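Peer 1: Chains as they are written, first to last, in my numbering: chain Z, 2 to 499; chain C, 7 to 257.
I'd like to ask some things about the structure below.
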């Protein structure tokens, strides 16, 4: 984890914005938009010009362009990883469009009334009525920063957060308004060359959320972002950066949905968390992107790099994820337990149905003394779903008294699915205590019959058994997410039995 | 007295093997019937067939319940129509609390019958006093269904479920096995509490001792897939003394 921090040296490379735009305009534009919302997008393909164009479009400072270019060059020298237990056709990175933005962004809406009604309509279809949500959120203390395609279009509750000193905004805005913070922390947890997809993200990231909670502040509300992929063939490259200074606390919720599509869509996000002394970050995800149909056609490729750095003493980072969507999930939210007495947690429910594939887990890197980590992973496979838990627990030489407890359970529904467990443990300090428990079970016919003999129908019985199996993870989710997660599992498992 | 259950010439097989071979039985509302018999005679098969387990296939004969052909009803519909099977080996469902399970079961049944579902408060009141009746620790309601329960606790939990669901026909498959004397008494009290002119009970058991606490109206001996002898409570005592050998030879 001691790899390069991002190099923040400003470069002298000029940003010939108009020049590149002219260049791009000479190319043939992809025909036809997916929705009626006019999108501004460039032709598919990736080269240095495209990276420069993205940076220019966003009017970024030179140090950020330099960051992108370094990442791009590194990415070019890297190979797509193939070690995960997943299969998919080769991804043509030159067929992907790396920039699109709803046009209405040109005049940033000052309130929801100014938001493109088509956008609001789309959210409604997704069951996320923004207006109601704003009202509800006012009651429930949830602020929503909506990412539509590549650019954030609506940000609410900024006022209340600002009063507390919390910054919660699109990362592109943070680059403009708080460059010193972004510059200091961006790429400091996930270096630009960390892995193939992280390098790609660092080169072309579109937008994402930025959260900064200053010293001693407990964020007055839970922060939530809804992501949605709308554009055909537009890879999404979110970049999220959350920083909690000494004694600060925040709980961040991320939820995603996507409409039906016939084409695979690439998603390669990077999330970086930084917790300083005694700070606490809780990051919860409910991921429900389009998983593809029963035959495995379509669906999102979700190749995500999420990492938290417990940089300060007695800091704590907790990941909770419910992964029910995507055709392929490749995701290992990790914690670097650098500060003495720091704590890392990973609670995961992953469900694969039909032809879905998931290779997911975590990494807990114990660097500091008396660092503790907990891993609870619940994998559910149904249909022809394939699932792998892949987890690394590494205890370094100086991590005196480090402790880890891993519990990894798999539940199989039907006889055509698969569950695999790949635990890696490396312990270089003799005082460390590392425990690993794993079970694999099937929903037994006698369990189903027991429920049915009490009057509970088969689908409800499966859903109940699965929710029971996931209980240890769901109890870590914020209440409203726990309810949503249970519903999601139920919907995702429809037709899994019988 | 109205007939609640009529079984005629019932043949049933499991995994291709015929277990029930022409079983006849009539149970009237208000009655308690004990079915006794040696291992492998088909006692548990009869319970499973009545409850609607799909791996038990009826190959001939009919079962009429409340005048209706039982074959028309799925397991969950049978439950909603008042058939309750007490399991010989109750199943564990980790992470699903007893409370949640009972509420889901009761409300699923009520919904099937077109009755309004109970809300959390009403349900709690409904359950609490029955938990007390079974002399169970209310804390068990928040534990997983049968999760880590002892054999006796599981059986007691079956009877609790029965009290909560208030069925019409209770088929209790060796509910007395694995119970100590105190637990047996509590379970028997639970069964007796459910006795009423509208309800009937079928007790599948190996032993006389449950019948000391729950007085049956009729005792049947099931051997080699058929009822080979029927009688009153005295038959159970006779079996206790003589065993089943003499009847099996007769069959």
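We put the CB at the ideal spot given by N, CA and C, even for glycine.
Computed from a predicted structure; not experimentally measured.
In the DSSP assignment, the beta strand (DSSP E) including residue 148 of chain C goes from what residue to what residue?
Peer 2: First-last for residue 148 of chain C: undefined, no H or E at that position.
Peer 1: Got a sec: does the ligand ATP put a non-hydrogen atom nearer than 7 Å to the Cβ of residue 68 of chain C?
Peer 2: In the structure on display, the ligand ATP does not appear, and there are no ligands present to speak of.
Peer 1: Which one of C:77, C:73 and C:70 has the shortest CA to CA distance from residue 2 of chain C?
Peer 2: Here chain C has residues from 7 to 257 only, and residue 2 of chain C is not among them.
Peer 1: If you run the structure through DSSP and keep just helix, strand and coil, what is residue 51 of chain Z?
Peer 2: If DSSP states are grouped into helix, strand and coil, residue 51 of chain Z belongs with the helices.
Peer 1: Given that residue 408 of chain Z touches chain C, what residues does it touch there, using C-beta distances under 7 Å?
Peer 2: By Cβ distance, chain C contributes nothing, its closest Cβ being about 13 Å from residue 408 of chain Z, past 7 Å.
Peer 1: Here's the rule I'm using: 16 or more other beta-carbon atoms within 10 Å means buried, otherwise exposed. How should residue 355 of chain Z be labelled?
Peer 2: Looking at its Cβ environment, which holds 16 or more other Cβ atoms inside 10 Å, residue 355 of chain Z is buried.
Peer 1: Can you pull the chain Z residues whose beta carbon is under 7 Å from the beta carbon of residue 115 of chain C, in chain order?
Peer 2: Under the 7 Å cutoff, chain Z gives 456.
Peer 1: For the alpha helix (DSSP H) containing residue 52 of chain C, name the first residue and the last one.
Peer 2: Residues 49–57.
Peer 1: Residues in the same chain with beta-carbon distance under 6 Å from residue 99 of chain C, minus the five sequence neighbours each way, listed in chain order, please.
Peer 2: Closer than 6 Å at Cβ, skipping near neighbours: 151.
Peer 1: Can you say whether residue 61 of chain Z is buried or exposed, counting buried as having 16 or more other CB atoms within 10 angstroms of its CB?
Peer 2: Classification for residue 61 of chain Z: buried.
Peer 1: Pop quiz: residue 211 of chain C and residue 42 of chain C are said to be a contact at Cβ under 8 Å. What is the actual Cβ separation, rounded to whole angstroms?
Peer 2: The Cβ separation is near 6 Å, so the contact holds.
Peer 1: From which residue to which residue does the beta strand (DSSP E) around residue 390 of chain Z run?
Peer 2: Residue 390 of chain Z -> beta strand (DSSP E) spans 387–396.
Peer 1: Taking the straight line between their C-alpha atoms, what separation do you get for residue 288 of chain Z and residue 87 of chain Z?
Peer 2: Computed Cα separation, rounded: 18 Å.
Peer 1: Could you give the first and the last residue of the continuous alpha helix (DSSP H) run that contains residue 232 of chain C?
Peer 2: Not the alpha helix (DSSP H): residue 232 of chain C falls in the beta strand (DSSP E), residues 232–237.
Peer 1: Exposed or buried, which one is residue 171 of chain Z when buried takes at least 16 other CB atoms within 10 Å?
Peer 2: Classification for residue 171 of chain Z: buried.
Peer 1: Does any C-beta atom of chain C lie closer than 8 Å to the C-beta of residue 472 of chain Z?
Peer 2: So yes, residue 472 of chain Z belongs to the interface.
Peer 1: Would you kindly report the start and end of the unbroken alpha helix (DSSP H) that includes residue 135 of chain C?
Peer 2: Start and end: 126–139.
Peer 1: Under three-state DSSP, which class holds residue 72 of chain C?
Peer 2: Three-state result, residue 72 of chain C: coil.
Peer 1: Taking only the alpha-carbon atoms, compute the straight-line gap between residue 492 of chain Z and residue 294 of chain Z and give it to the nearest angstrom.
Peer 2: Their backbone Cα atoms lie some 14 Å apart in a straight line.
Peer 1: Would the stretch 53–60 of chain C and the stretch 80–87 of chain C be scored as touching if the rule is three or more Cβ pairs under 8 Å?
Peer 2: Enough Cβ pairs lie closer than 8 Å, so yes.
Peer 1: Helix, strand or coil: which one does DSSP assign to residue 197 of chain Z?
Peer 2: Residue 197 of chain Z: helix per DSSP, three-state reduction.
Peer 1: Considering Cα atoms alone, identify which of Z:191, Z:179, Z:277 and Z:187 is closest to residue 216 of chain Z.
Peer 2: That would be Z:277, whose Cα lies nearest to the Cα of residue 216 of chain Z.
Peer 1: For a test of the three-state rule: what should DSSP assign to residue 202 of chain Z, helix, strand or coil?
Peer 2: Note: residue 202 of chain Z maps to helix in three-state DSSP.
Peer 1: Please check the pair residue 309 of chain Z and residue 274 of chain Z, which I expect to be a contact at CB under 8 Å, by giving their CB distance rounded to whole angstroms.
Peer 2: Going by Cβ atoms, the distance from residue 309 of chain Z to residue 274 of chain Z rounds to 4 Å, so yes, they are a contact pair.
Peer 1: Can you give me, in chain order, the residues of the stretch 442–454 of chain Z that have a beta carbon less than 8 Å from any beta carbon in chain C?
Peer 2: Taking 8 Å as the Cβ-Cβ cut-off against chain C, the residues of the stretch 442–454 of chain Z that qualify are 445, 446, 447, 448, 450, 451, 452, 453 and 454.
Peer 1: Are the CB atoms of residue 348 of chain Z and residue 178 of chain Z within a distance shorter than 8 Å?
Peer 2: Cβ atoms of residue 178 of chain Z and residue 348 of chain Z: not closer than 8 Å.
Peer 1: Taking residue 324 of chain Z as part of the beta strand (DSSP E), name the residues at either end of that continuous run.
Peer 2: First-last of the beta strand (DSSP E) with residue 324 of chain Z: 317–324.
Peer 1: Note down, in chain order, every chain C residue with its Cβ under 9 Å from the Cβ of residue 465 of chain Z.
Peer 2: Those are 99, 102, 106, 107 and 110, listed as they occur along chain C.
Peer 1: Note down, in chain order, every chain Z residue with its Cβ under 7 Å from the Cβ of residue 91 of chain C.
Peer 2: Residues of chain Z passing the Cβ test: 454.
Peer 1: Measuring only between beta-carbons, confirm whether residue 469 of chain Z sits less than 8 Å from chain C.
Peer 2: It does; some Cβ of chain C falls within 8 Å.
Peer 1: For residue 142 of chain Z, which residues of its own chain have a beta-carbon under 6 Å away from its beta-carbon, when the five flanking residues on both sides are left out?
Peer 2: In this predicted model, residue 142 of chain Z has a pLDDT of only 39, less than 50, meaning its place in the structure is not dependable enough to derive any value.
Peer 1: Give the interface partners of residue 461 of chain Z over in chain C, defined as CB-CB distance under 8 Å, in chain order.
Peer 2: Under the 8 Å cutoff, chain C gives 110 and 114.
Peer 1: Nearest-angstrom Cα distance between residue 191 of chain Z and residue 69 of chain Z?
Peer 2: Cα to Cα, residue 191 of chain Z sits roughly 13 Å from residue 69 of chain Z.
Peer 1: Please classify residue 444 of chain Z: does DSSP put it in a helix, a strand, or coil?
Peer 2: If DSSP states are grouped into helix, strand and coil, residue 444 of chain Z belongs with coil.
Peer 1: Alpha carbon to alpha carbon, what distance is there between residue 469 of chain Z and residue 413 of chain Z?
Peer 2: Looking at the two C-alpha atoms, the distance is approximately 14 Å.
Peer 1: Determine, using beta-carbon pairs with one atom in the stretch 326–339 of chain Z and one in the stretch 353–369 of chain Z, whether at least three such pairs fall under 8 Å.
Peer 2: Cβ pair count under 8 Å is three or more, so yes.
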